[in-house]
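Engineer: Under the working numbering, the first residue of the sequence shown is numbered 12, with each subsequent residue one higher. The structure under discussion is supplied below as structure tokens; questions concerning it will follow.
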Amino acid sequence: FRGINRGNYAQLHRKAWLEVSDKYHRYGKNLRLYYRSWERLGYPTNQFFDWLDSKGEAAGQTLPNIDECPRSQLDSDTVLYITNPEVTQGYALTVHSQEDNRCLVLDVDGDPVQTCPEGWIFVLRDSTLYGAQKVTSVTGRSKQRFHHSSFFGGKAVAAAGIFLTDENGYLTRLYPHSGHYRPGEADMQRMLFHLHHNGIDLRTFEMDTQQILHVTRHNPNDTKKKKIQSLHMKSGNYVANFLGHKARFISNGVFSQIHLLRKANVTKVSEALEQIHNSGACTNKIGHRMYSSAGQ
12 FRGINRGNYA
22 QLHRKAWLEV
32 SDKYHRYGKN
42 LRLYYRSWER
52 LGYPTNQFFD
62 WLDSKGEAAG
72 QTLPNIDECP
82 RSQLDSDTVL
92 YITNPEVTQG
102 YALTVHSQED
112 NRCLVLDVDG
122 DPVQTCPEGW
132 IFVLRDSTLY
142 GAQKVTSVTG
152 RSKQRFHHSS
162 FFGGKAVAAA
172 GIFLTDENGY
182 LTRLYPHSGH
192 YRPGEADMQR
202 MLFHLHHNGI
212 DLRTFEMDTQ
222 QILHVTRHNP
232 NDTKKKKIQS
242 LHMKSGNYVA
252 NFLGHKARFI
262 SNGVFSQIHL
272 LRKANVTKVS
282 EALEQIHNSG
292 ACTNKIGHRM
302 YSSAGQ
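This is how it looks when you write it as structure tokens:
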């Protein structure tokens, strides 16, 4: 998780820990199936990977093989983890603000990036954007999967997600979607700041807000939709303003005051605000304005 001290705060989600710890970087979902099998057996060895690969104290034992994921599938389904900076640099992208302040995305050769309809995955690290088409299966010419964790070998990044461009290479959509990094609000803010810092008008593209607005992904039949099936698009400017106001409310203690209001054993708003004022919780300008307006 190196890089955190340089502003790259997004670490791999715990579900990816097995994948990044495995020296072969076998696909995490498959590794978790074997890990659960190891648990059910009562942890026959101290180290999971000793048991998995018949090494160390498990040397000489038959390699584990489970029906849910045959051994051949486990060993052949791997994720590319790049450790050579020169290789990573080949995925570097640049964003350019045009006359209308739209975001033109260029690849390392200076050519406009035309993503597929599903978009390209990206990570932001050390103020540089990196992107590529995601590879989700090992078939044909693709010998390894290519995921968000591939760009920097599982290291921490500043932001991760998916971006879409039109036929001319202009940014149209951003999705804060990554199973490996699970980007949150801070990741979105860092990505939006990067674009704004490069002169991009945040009103010229849309962003999925289902996470920050808590849009449900559950169907009436109690099944869960995929993120891509429950998009809730807003302009990048809307998202930046929403997150900025939310951060200010948190720093000013507004949400703490609302929590006290909800718990107050009172019947009138003026009584609730009076109670907060007397408790000393209302110590900032926003809180004083709330209290003052209620007394008018």
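By construction, the Cβ of each residue, glycine as well, lies at the ideal position given by its N, Cα and C atoms. Note that this is a predicted model, so its numbers are computed, not measured.
Report the partner residues of Arg37 according to the DSSP bridge assignment.
Structural biologist: Partner(s): Thr89.
Engineer: Applying the criterion that 16 or more other CB atoms from any shown protein chain within 10 Å of the CB defines a buried residue, is Thr220 buried or exposed?
Structural biologist: When all chains shown are included, Thr220 counts as buried.
Engineer: Less than 9 Å between the C-beta atoms of Phe174 and Ala143, yes or no?
Structural biologist: Contact: no.
Engineer: Does Ala170 come out as helix, strand or coil in the three-state DSSP assignment?
Structural biologist: In this structure, Ala170 counts as strand in the three-state DSSP scheme.
Engineer: So, do the region 175 to 193 and the region 239 to 259 have three or more beta carbon pairs nearer to each other than 8 Å?
Structural biologist: Touching, yes, given that three or more Cβ pairs across the two stretches are closer than 8 Å.
Engineer: Between Asn57 and Glu50, is the Cβ-Cβ spacing less than 9 Å?
Structural biologist: No, Cβ-Cβ distance for Asn57 and Glu50 is not below 9 Å.
Engineer: Assuming contact is defined by CB atoms lying nearer than 9 Å, are Asp212 and Arg113 in contact in what I supplied?
Structural biologist: Cβ distance < 9 Å, so Asp212 and Arg113 count as in contact.
Engineer: How many angstroms separate the CA atom of Val119 from the CA atom of Phe204?
Structural biologist: Whole-angstrom Cα-Cα distance: 22 Å.
Engineer: Looking at C-alpha atoms only, which residue of Phe260, Gln109, Leu140 is the closest neighbour of Thr99?
Structural biologist: Closest by alpha carbon: Leu140.
Engineer: What does the alpha-carbon distance come out to for the pair His107 and Ala258?
Structural biologist: Rounded to the nearest angstrom, the two C-alpha atoms are 28 Å apart.
Engineer: Please list the terminal residues of the continuous beta strand (DSSP E) segment that includes Lys274.
Structural biologist: First-last for Lys274: 265 to 274, but that is the alpha helix (DSSP H), not the beta strand (DSSP E).
Engineer: Just mark Thr294 as buried or exposed, buried being the case when its beta carbon has 16 or more other beta carbons within 10 Å.
Structural biologist: Bear in mind that a pLDDT of 47 at Thr294, under 50, signals an unreliable position, so the model cannot answer this.
Engineer: Can you pull the DSSP bridge partners for Ile77?
Structural biologist: DSSP output for Ile77 lists Cys80 as bridge partner(s).
Engineer: Can you name, in chain order, every residue of its own chain whose Cβ lies under 6 Å from the Cβ of Thr215, other than the five neighbours on each side?
Structural biologist: The answer, listed in chain order, is Arg113.
Engineer: Classify Ala364 as buried or exposed, calling it buried when 16 or more other Cβ atoms lie within 10 Å of its own Cβ.
Structural biologist: With the chain covering only 12 through 307, there is no way to say anything about residue 364.
Engineer: Could you tell me the alpha carbon to alpha carbon distance between Ser48 and Ser87, rounded to whole angstroms?
Structural biologist: Answer to the nearest angstrom: the Cα atoms are 19 Å apart.
Engineer: Do Gly172 and Phe133 count as a contact pair if the criterion is CB distance below 9 Å?
Structural biologist: It is a contact, given that the beta carbons lie within the stated cut-off.
Engineer: On the criterion of 16 or more Cβ atoms from any shown chain inside 10 Å, does Ile8 qualify as buried, or is it exposed?
Structural biologist: For the chain, the structure presents residues 12 to 307; residue 8 sits outside this window and is missing.
Engineer: Would Leu115 and Pro128 qualify as a contact pair, given that the criterion is a beta-carbon distance under 9 Å?
Structural biologist: No, the pair does not count as a contact, with Cβ atoms beyond the cut-off.
Engineer: Between the C-alpha atoms of Gln286 and Val277, what's the straight-line distance to the nearest angstrom?
Structural biologist: Going from the Cα of Gln286 to the Cα of Val277 covers about 9 Å.
Engineer: What whole-angstrom Cβ distance do Arg156 and Val90 have, given they're in contact under 8 Å?
Structural biologist: At roughly 4 Å, the Cβ-Cβ gap stays under 8 Å, so Arg156 and Val90 are in contact.
Engineer: Based on Cα-Cα distance, which residue from Ser138, Leu104, Asp111 lies nearest to Thr126?
Structural biologist: The shortest C-alpha separation from Thr126 is found at Leu104.
Engineer: Can you check the region 152 to 223 for any beta strand (DSSP E) of at least 3 residues that lies completely inside it and give the ranges in chain order?
Structural biologist: Listed in chain order, the complete beta strand (DSSP E) runs (minimum 3 residues) inside the region 152 to 223 are 170 to 176, 182 to 186, 217 to 219.
Engineer: Any idea which residues DSSP pairs Val116 with across the strands?
Structural biologist: According to DSSP, which records beta bridges pairwise, Val116 is partnered with Val106.
Engineer: Spell out the partners DSSP gives Thr147 in its beta bridges.
Structural biologist: According to DSSP, which records beta bridges pairwise, Thr147 is partnered with nothing at all.
Engineer: Check His288 in the structure and name its three-state DSSP category.
Structural biologist: Looking at His288 - three-state DSSP - the assignment turns out to be helix.
Engineer: Leaving out the 5 sequence neighbours to the left and right, which residues in its chain are closer than 7 Å to Leu29 when beta-carbon positions are compared?
Structural biologist: Contacts found: Gly39, Leu42, Arg43, Tyr46.
Engineer: Are the CB atoms of Met202 and Tyr249 nearer to each other than 9 Å?
Structural biologist: Not a contact, by the Cβ cut-off of 9 Å.
Engineer: Apart from the five residues on each side of it in sequence, which residues of its chain come closer than 7 Å, Cβ to Cβ, to Gln222?
Structural biologist: Same-chain partners within the cutoff: Pro187.
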